[in-house]
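In order, the protein sequence lines correspond to chains A and B.
My numbering numbers the first residue of the first sequence as 1 and each following residue consecutively.
My numbering numbers the first residue of the second sequence as 1001 and each following residue consecutively.
The beta carbon of each residue, even a glycine, is placed where N, CA and C say it ideally should be.
Report on the following structure.
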Amino acid sequence: MRKNKALLFAAIVLTGFVLLAIFAAWIAPYNPEEIVSSQTLAPSTFHLFGTDDLGRDLFSRALYGARISLTVGFVAVVISVLIGTLFGALAGYYGGAIDLIIMRFVDVMLAFPSIFLILAIQAMLTPNIYNVMVVIGATSWMGVARLVRGEFLRIRELQYVEAARAIGCSDFRIIFRHILPNAQAPIIVAATLGMAGAILTESALSFLGLGVQPPTPSWGNMLMDSQAYMFDAPWMAIIPGILILVTVLSLYFIGEALREKLDVRS
Amino acid sequence: MRNYILKRLLQLIPLLLGISLISFFVMHLAPGDPTAMFIDPNVNPVELARVRANWGLDQPIYIQYFIWLKNAIMLDFGRSYTTGQPVITELAERLPMTLLLMIPAFILTFLIAIPVGVISAVKKNSWFDKTFTFLSFAGMAIPTFWLGLMLMLVFSVKLHWLPAIGNITLPLITMVIGSLAGLTRYQRAAMLEVLNQDFIRTARAKGLPERTVIFKHALRNALIPIVTIIGLSLPDLFGGAFIIETIFAWPGMGRLGVQSIFQRNYPVIMGIVMLSAFLIIIGNLLADICYGSVDPRIRYEKK
Chain A
1 MRKNKALLFA
11 AIVLTGFVLL
21 AIFAAWIAPY
31 NPEEIVSSQT
41 LAPSTFHLFG
51 TDDLGRDLFS
61 RALYGARISL
71 TVGFVAVVIS
81 VLIGTLFGAL
91 AGYYGGAIDL
101 IIMRFVDVML
111 AFPSIFLILA
121 IQAMLTPNIY
131 NVMVVIGATS
141 WMGVARLVRG
151 EFLRIRELQY
161 VEAARAIGCS
171 DFRIIFRHIL
181 PNAQAPIIVA
191 ATLGMAGAIL
201 TESALSFLGL
211 GVQPPTPSWG
221 NMLMDSQAYM
231 FDAPWMAIIP
241 GILILVTVLS
251 LYFIGEALRE
261 KLDVRS
Chain B
1001 MRNYILKRLL
1011 QLIPLLLGIS
1021 LISFFVMHLA
1031 PGDPTAMFID
1041 PNVNPVELAR
1051 VRANWGLDQP
1061 IYIQYFIWLK
1071 NAIMLDFGRS
1081 YTTGQPVITE
1091 LAERLPMTLL
1101 LMIPAFILTF
1111 LIAIPVGVIS
1121 AVKKNSWFDK
1131 TFTFLSFAGM
1141 AIPTFWLGLM
1151 LMLVFSVKLH
1161 WLPAIGNITL
1171 PLITMVIGSL
1181 AGLTRYQRAA
1191 MLEVLNQDFI
1201 RTARAKGLPE
1211 RTVIFKHALR
1221 NALIPIVTII
1231 GLSLPDLFGG
1241 AFIIETIFAW
1251 PGMGRLGVQS
1261 IFQRNYPVIM
1271 GIVMLSAFLI
1281 IIGNLLADIC
1291 YGSVDPRIRY
1301 EKK
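Here you go:
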């Protein structure tokens, strides 16, 4: 009962946010980058979320911010799943030296405090939205790689794989057509939870000024300037954070529900 | 056991080498030049060349790496571009501040997470379990830096109970809440798994009081997997320190790290990467050793 409620909440929130993000241009009352007020205004019927320190409408910025934050999260997780699946599949299928090299590389990547690695790379590159996606994706694939490797180790011993090999299927075909589809379930769960993580990482990066660059709004960079105005304009700090929290929470709920439904062990 | 530890210590070498290679090349292959951050662009080119030579930046990158490596083996990580102090001195100043934050956070996290996780599992589906399950999901979903901001907003800006900067309470709470959620979930899962095992059914069947079953039989076994999590949660703890120290202006290694990144202070960045990676790897090794000594089923040596 409770589980269903959480799932329902999550599904409604996410669908709602995705729709709002897609139709931001029609819904937003103002241009998100335009200065519409000479002061920082508290939330009111004119400015649902108030205005920021520069006098921009925060509701409009939050709508466009949803577009950026959700897209960055989604693309980053696609990149991370692609890299993780490829490495995990190669390591698990071939074993031996390939496995050893890939898994040592995974160990190296895991021993970094990942946020530091991401910060360092971002600082060196020109921070823009595409770099953010690639950098988050390229530093978060290790979990997926381990997981896919585990699945491959298990599945490659099954009889049907042996049968496929016996009738002369190529390695490529066995990996992608025979084994991978049977390893889908845990990958889907990991991707859902991974997107939650990617959105959190993007927000932290943008908050530090190394992610999505102003004036383009993202939920993270909307928080960037809020610390200086905490006393006069607390809504600047409160609202974007709640949006991030609710989105990430929904993704976790959906991830857990999928895990149960697909019968994946954590 | 001794062979196992020796083997793991030997593995440390390629790991640290790999980490240093990746960080060094990522940093130095980036376009631009750190001298641009520190030196007036109008300074005459001869002077600029002198500084670059002084910092070793005039060498080809692989030579720079070997020079760095050769010195690093002797624990000489060079000098900070901004202060001119040896990196090792700066780290020695900053690390205690970070540990002052991390160690209590670490202990508090375990003191809270273990009982909460165990009670949640024993009283599965009770209001206690449901409340804390929800709270731990919320705790995992909350951006750490935003949690810090909110605590600051409530306790410093509105209530004036605590100063936003220079006091350990708020950064400590932020760090604890940040790592609490995941660990609680994990402890709950571990306990549930143990409770489902045959030896628990046997213990109950032979009529042991429930308390003995839970505390003597189940809990001991459910604590074992947590030991591994201690090791695995270290990178996150360090990662958290970078952000939390930055928000609360806590003068630890994390804040120094973030500042150095913005300043392209290469020697300091390398020093921090190597030190945190070293601590993370050693932490994991210790966790695995403990794991082996608390669980007699685990044997590291091959017969």
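Look at the stretch 92-114 of chain A: the residues with a C-beta under 9 Å from a C-beta of chain B are R104, F105, D107, V108, M109, L110, A111, F112, P113, S114. Where S1020 of chain B is concerned, the enclosing alpha helix (DSSP H) starts and stops at 1002-1029. Of all residues in the stretch 1009-1028 of chain B, those with a C-beta nearer than 8 Å to a C-beta of chain A are P1014, L1015, G1018, I1019, I1022, S1023, V1026, M1027, reading in chain order. Listed in chain order, the positions of the stretch 1235-1257 of chain B with a beta carbon within less than 9 Å of a beta carbon of chain A are P1235, D1236, L1237, F1238, G1239, G1240, A1241, F1242, I1243, T1246, I1247, G1254, G1257.
By the Cβ-count criterion, T1131 of chain B is exposed, with fewer than 16 other Cβ atoms from all chains shown falling within 10 Å of its own Cβ.
In the structure shown, the three-state DSSP call for R149 of chain A is helix.
Taken through DSSP and simplified to helix, strand or coil, D57 of chain A comes out as strand.
Look at the beta carbons and you see the stretch 191-200 of chain A touching the stretch 122-140 of chain A: at least three pairs across the two are nearer than 8 Å. Take I1230 of chain B, set aside five residues on each side of it, and the residues of its chain with a beta-carbon closer than 6 Å to its own are A1287, in chain order. In this structure, the straight-line span from the alpha carbon of K1158 of chain B to that of D225 of chain A is close to 19 Å. With respect to the C-alpha of R1188 of chain B, the residue from B:T1133, B:L1111, B:I1280 having the closest C-alpha is B:T1133.
When the beta-carbon positions are compared, I102 of chain A and F116 of chain A stay at least 8 Å from each other.
With 16 or more neighbouring CB atoms inside 10 Å of its own CB, S1020 of chain B falls in the buried class.
Take E1193 of chain B, set aside five residues on each side of it, and the residues of its chain with a beta-carbon closer than 8 Å to its own are A1222, in chain order. Residue environment: W1127 of chain B is assigned as exposed (fewer than 16 neighbouring CB atoms within 10 Å of its CB, all protein chains considered).
R1079 of chain B carries a strand assignment under DSSP once its states are collapsed to helix, strand and coil.
Beta-bridge analysis with DSSP links P217 of chain A to no other residue.
Shown here for G220 of chain A: same chain residues with a beta carbon closer than 6 Å to its own, the five before and five after excluded, namely E202, S203, S206, F207, G211 in chain order. The beta carbon of Y1186 of chain B sits closer than 6 Å to the beta carbons of I1229 from its chain, once the five residues preceding and following it are set aside; these are given in chain order. Straight through space, the alpha carbons of E1245 of chain B and I1261 of chain B are spaced by roughly 14 Å.
For Y252 of chain A, a Cβ of chain B is located within less than 8 Å of the residue's own Cβ. Proximity of the stretch 1140-1150 of chain B to the stretch 240-250 of chain A meets the contact definition, three or more beta-carbon pairs being nearer than 8 Å.
Residue environment: R1002 of chain B is assigned as exposed (fewer than 16 neighbouring CB atoms within 10 Å of its CB, all protein chains considered). Taking every protein chain shown into account, the CB of N1265 of chain B has 16 or more other CB atoms within 10 angstroms, so this residue is buried. At a cut-off of 8 Å between beta-carbon atoms, I244 of chain A makes contact with chain B.
Distance from S1080 of chain B to E1093 of chain B at the Cβ level is roughly 11 Å; contact not present, criterion being Cβ atoms closer than 8 Å.
At a C-beta separation below 9 Å, S69 of chain A has no neighbours in chain B, since its nearest C-beta there lies roughly 11 Å away. Taking a C-beta cut-off of 9 Å against chain A, the contacting residues of the stretch 1138-1165 of chain B are A1138, M1140, A1141, I1142, P1143, T1144, F1145, W1146, L1147, L1149, M1150, M1152, L1153, S1156, V1157, K1158, A1164, listed in chain order. The beta carbon of L1256 of chain B sits closer than 6 Å to those of R1094, all from its chain and outside the five residues before and after it, given in chain order.
In the structure shown, the three-state DSSP call for T15 of chain A is helix.
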